[in-house]
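**Student:**
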Amino acid sequence: MQLIRTFIAADIPLPIQQTMQCHVDSLRHALGDLVRWAPVQNIHLTLKFLGEVSPASVEILTQMLRAEADSYSSFDITIGGLGSFPSSKQARVLWVGIQAPAELKALQHSIEAACARLGYASDPRPFSPHLTIGRVRDHISPADQQKIRKALEETTIDSLGTTRIDSIHLYKSELRPGGSVYTKLFSVPLKNAATT
Ligand code: ATP
Ligand code: MG
1 MQLIRTFIAA DIPLPIQQTM QCHVDSLRHA LGDLVRWAPV QNIHLTLKFL GEVSPASVEI
61 LTQMLRAEAD SYSSFDITIG GLGSFPSSKQ ARVLWVGIQA PAELKALQHS IEAACARLGY
121 ASDPRPFSPH LTIGRVRDHI SPADQQKIRK ALEETTIDSL GTTRIDSIHL YKSELRPGGS
181 VYTKLFSVPL KNAATT
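For what it's worth, this note's numbering labels the leading residue of the sequence shown as 1, then goes sequentially.
This is the structure we're talking about:
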């Protein structure tokens with residue numbers, strides 16, 4: 001059986017992705033190949049990574065997502081700020097931050113809980129909403145790690161705009177040598193706050 005690598009995410013509109021790209025450019029120039037940079041159109045807000053699932057599970061997941069989305073209203077998020085996981089000293093993932101109302105956390109918790117009921121492993125880390133812009137390559141030298149730290153310290157990313165999150169998506173992810181390819185399998189609208 002063909003397994004499908006999947007995750008649940010919210011989209012970031014192309015104009016904001018492009019603005020992000022411009023703001024991240026100086027970092028890209030400074031760090032170049034030390035980081036695998038996410039293609040701009042791939043930048044998204046992950047709500048839950050599911051990993052490899054069967055086609056039958058995709059059907060169950062879409063039903064679950066439909067039910068979850070029915071219980072939550074759309075909300076606005078503001079994008080801005082720069083940081084790294086797990087820390088600035090040992091950067092592995094470089095990200096642009098998200099300022100969101102409590103609805104985002106509630107939605108993510110609810111999806112996490114629904115996935116746990118379906119048997120998917122829960123992420124033990126607290127939800128920390130972010131947009132991954134790049135991943136530091138493995139086995140880089142301490143000098144290069146220091147270079148990344150300095151570049152992060154010297155780069156400021158202010159607010160890049162506000163966008164409404166009004167739907168969530170189940171994505172297929174194909175890991176290819178040239179970079180991951182994401183394909184939308186299913187989308188569900190959140191309740192419209194204005195009509196509730
Ligand atoms: P690549 O692995 O080639 O850098 P990617 O990480 O974007 O690409 P996936 O590994 O399929 O592609 O991940 C899809 C989404 O799920 C991304 O947002 C990623 O950060 C997130 N993700 C992947 N693995 C995990 C994990 N173990 N725990 C939490 N989130 C994960
Ligand atoms: Mg990955």
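Cβ coordinates follow ideal geometry from the N, Cα and C atoms, glycine included. As the structure is a computational prediction, the values presented were derived from the model and not from experiment.
#1: Give the straight-line distance between the Cα atoms of Ile16 and Arg164, rounded to the nearest whole angstrom.
#2: Using the Cβ count rule (16 or more neighbours within 10 Å means buried), how would you classify Asp138?
#3: DSSP state of Gln21, grouped into three classes?
#4: Could you give the distance in angstroms between the alpha-carbon of Pro189 and the alpha-carbon of Pro13?
#5: What are the start and end residues of each continuous beta strand (DSSP E) run of 3 or more residues lying completely inside the stretch 56 to 94, in chain order?
#6: Rounded to whole angstroms, how far is the Cβ of Ile77 from the Cβ of Ile43, which I believe are closer than 8 Å?
#7: Straight-line CA distance for Ile4 to Ser54?
#8: Rank Gln145, Ile168, Leu175, Pro177 by C-alpha distance to the C-alpha of Val93 and give the top, closest one.
#9: Just how far apart, CA to CA, sit Gln41 and Val24?
#10: Output needed for Ser110: all residues of its chain with C-beta closer than 8 Å, excluding positions within five of it in sequence on either side, in chain order.
#11: Take Leu121 as the anchor and find which of Ser84, Glu112, Pro129 has the nearest alpha-carbon.
#12: Mind checking who Ile8 pairs with in its DSSP beta bridge?
#13: Residues in the same chain with beta-carbon distance under 6 Å from Leu107, minus the five sequence neighbours each way, listed in chain order, please.
**Tutor:** From the atom records:
#1: Within the sequence shown, residue 16 is the residue found at index 16, counting from 1. Within the sequence shown, residue 164 is the residue found at index 164, counting from 1. Answer to the nearest angstrom: the Cα atoms are 12 Å apart.
#2: Residue numbering aside, residue 138 sits at position 138 when the sequence shown is read from its first letter. Exposed: under 16 other Cβ atoms inside 10 Å.
#3: Here residue 21 refers to the residue found at position 21 of the sequence shown. Reduced to three states, the DSSP call for Gln21 is helix.
#4: Translated into positions along the sequence shown, residue 189 becomes position 189. Translated into positions along the sequence shown, residue 13 becomes position 13. Distance between the alpha carbons of Pro189 and Pro13: 15 Å.
#5: 75 to 86
#6: Numbered from 1 along the sequence shown, position 77 holds the residue referred to as residue 77. Numbered from 1 along the sequence shown, position 43 holds the residue referred to as residue 43. About 13 Å separates the Cβ atoms of Ile77 and Ile43, ruling out a contact at the 8 Å cut-off.
#7: Indexing the sequence shown from 1 puts residue 4 at position 4. Indexing the sequence shown from 1 puts residue 54 at position 54. Counting only the Cα atoms, Ser54 lies some 6 Å from Ile4.
#8: In the sequence shown, the residue the question calls residue 93 occupies position 93. For Val93, the nearest C-alpha among the options comes from Gln145.
#9: Here residue 41 corresponds to residue number 41 of the sequence shown, with the count starting at 1. Here residue 24 corresponds to residue number 24 of the sequence shown, with the count starting at 1. One C-alpha to the other measures close to 14 Å.
#10: To locate residue 110, count along the sequence shown from 1; it is residue 110. Closer than 8 Å at Cβ, skipping near neighbours: Glu68, Ser71, Tyr72.
#11: Taking the first residue of the sequence shown as position 1, residue 121 is located at position 121. Here the sequence assigns Ala to residue 121, which means Leu is not the residue at that position. Comparing Cα positions, the closest option is Glu112.
#12: Translated into the one-based positions of the sequence shown, residue 8 becomes position 8. Paired residues: Lys48, Leu170.
#13: Working through the sequence shown from its first residue, we reach residue 107 at position 107. Answer for Leu107: Tyr72, listed in chain order.
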